[in-house]
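Heads up, the thing below is written out as structure tokens.
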Amino acid sequence: MAEVVILPGTPDEAKAAAGELAADAIERVVRARPDAVLGLATGSTPLPVWSALASRPLDLSRVRGFALDEYIGLPSGHPESYRAVITREVVDTLGLDPALVHVPGDDGGPIETAGERYEAAIAAAGGVDVQVLGIGRTGHIGFNEPGSSFASRTRVKTLTAATRADNARFFSSPDEVPRHCLTQGLGTILEARALVLLAFGEAKADAVAGAVEGPVSASVPGSAIQLHPEVTVLLDEAAASKLRFADYYRDAWDNRPDWAR
Ligand code: GLP
């Protein structure tokens with residue numbers, strides 16, 4: 000079952016607190032296994048996780064990483080390619096070994112079989128220990144847009160108009176946002192040993208409610224997390240504002256057993 004944590008305070012305080020909790024989960028895994036495999040997400044949402052982790056005295060030099068997704072069609076080295084974003088925001092911030100961090104399609108092979116090769120690389124690494132997730136307004140995780148099969152694996156997807164409009168802020172014009180991407184599938188994501196999903200702000204409230212409490216449906220790809228036994232959802236008040244059972248989640252977190260603290 001999911002542990003839903005609604006962090007009080009200003010949006011900035013809630014983000015920082017969520018970052019610390021996600022960093023706690025990652026730190027536990029890395030202390031147990033210094034070459035742990037992290038599932039890496041791009042977007043603004045996970046930034047507090049990387050900054051919280053970076054400020055800890057933790058050796059991350061052997062940690063391996065697999066990004067969730069990548070655009071197709073950007074010129075190589077484009078600053079908004081997820082390869083560039085992951086290098087800038089995760090690899091450089093955390094001091095990871097760039098050779099141990101992978102992004103779908105970055106092995107130079109044909110795009111048609113990039114998904115299979117990425118799946119094989121994740122399997123060869125022994126699977127993902129902790130997958131960090133944001134969520135899009137359409138309910139997507141990774142770039143699994145509505146209609147994605149819960150059994151899907153890493154593959155090419157077409158982005159929705161809503162996702163392209165949301166991500167246009169990173170490009171000089173909306174037309175520059177690629178139409179296609181490679182993304183881990185929902186089936187791939189569900190195989191990670193633990194999921195940590197973060198969401199902040201009112202614009203995410205519907206997607207969060209659908210993912211956490213809505214019917215399990217391919218129409219809200221994030222609802223796939225309901226099928227995972229080890230999920231932590233970290234929210235600010237605004238992102239949690241449409242949850243029916245918010246009071247229960249607060250009560251359960253405030254009164255969690257000592258062994259779970
Ligand atoms: C992007 C990414 C997702 C991310 C989502 C939300 O399209 N592919 O992995 O979770 O959008 O982004 P943000 O965290 O910036 O709101």
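Residue numbers for the sequence shown follow numbering that gives the first Met the number 0, so the first one is 0 and each next one is one higher.
Don't be surprised by glycine CBs; every beta carbon is placed ideally from N, CA and C.
Taking residue i as the reference, which of the options has the closest Cα?
i	options	result
Glu325	Gly133, Arg163, Leu233, His139	Residue 325 falls outside the range modelled here, since the chain spans only 0 to 260, and no answer is possible.
Arg116	Gly42, Ser75, Leu181	Leu181
Leu189	Arg163, Val127, Ala35, Glu144	Val127
Ala259	Leu59, Thr231, Asp34	Thr231
Gln130	Ser222, Asp11, Arg249, Glu229	Glu229
Ala191	Glu175, His77, Arg55, Leu39	Leu39
Thr9	Gly64, Ala238, Arg168, Pro256	Ala238
Leu6	Arg249, Pro256, Thr112	Arg249
Gly65	Trp252, Pro109, Ala119	First, the amino acid is wrong: residue 65 is Phe here, not Gly. It is Ala119 whose Cα lies nearest to the Cα of Phe65.
Asn267	Thr137, Ser148, Arg154	The requested residue 267 is not part of the displayed model; the chain covers only 0 to 260.
Arg30	Leu52, Pro47, Gly18	Leu52
Gly133	Glu19, Val4, Phe199	Phe199
Gly186	Thr44, Ala204, Ser151	Ser151
His179	Ser54, Glu12, Glu19, Gly72	Gly72
Val4	Asp235, Asp174, Gly94	Asp235
For residue i, is the classification buried or exposed, using 16 other Cβ atoms within 10 angstroms of its Cβ as the cut-off for buried?
i	result
Glu69	buried
Ile140	buried
Tyr81	buried
Leu242	buried
Ala24	buried
Leu226	exposed
Pro33	exposed
Val215	exposed
Pro220	buried
Asn254	exposed
Met0	Reliability of the predicted coordinates at Met0 is poor, the pLDDT of 49 falling under 50, and no value is obtained from them.
Thr112	exposed
Phe244	exposed
Gly114	buried
Ile224	buried
Ile269	Residue 269 falls outside the range modelled here, since the chain spans only 0 to 260, and no answer is possible.
Determine the extent of the alpha helix (DSSP H) in which residue i is found, giving its start and end residues.
i	result
Glu2	First-last for Glu2: 1-6, but that is the beta strand (DSSP E), not the alpha helix (DSSP H).
Leu52	46-53
Thr162	160-166
Assign residue i to one of three DSSP states: helix, strand, or coil.
i	result
Val29	helix
Leu57	coil
Ala150	coil
Ala40	coil
Ala15	helix
Ala22	helix
Ala259	helix
Thr9	coil
Grab the span of the beta strand (DSSP E) containing residue i for me, first residue to last.
i	result
Gly186	Here Gly186 belongs to no beta strand (DSSP E); instead the alpha helix (DSSP H) covers 185-189.
Thr157	154-157
Thr182	179-182
Cβ-heavy atom distance between residue i and the ligand MG below 7 Å?
i	result
Asp68	Here the bound small molecules are the ligand GLP; the ligand MG is not part of this structure.
Kindly provide the ranges of any beta strand (DSSP E) runs that are 3 or more residues long and lie completely inside the stretch 198-254, ordered along the chain. Qualifying beta strand (DSSP E) stretches, in chain order: 230-235.
Contained beta strand (DSSP E) runs [length at least 3] in the stretch 64-141, N- to C-terminal order: The stretch 64-141 contains, as complete beta strand (DSSP E) runs of 3+ residues, the segments 68-71, 129-132 (chain order).
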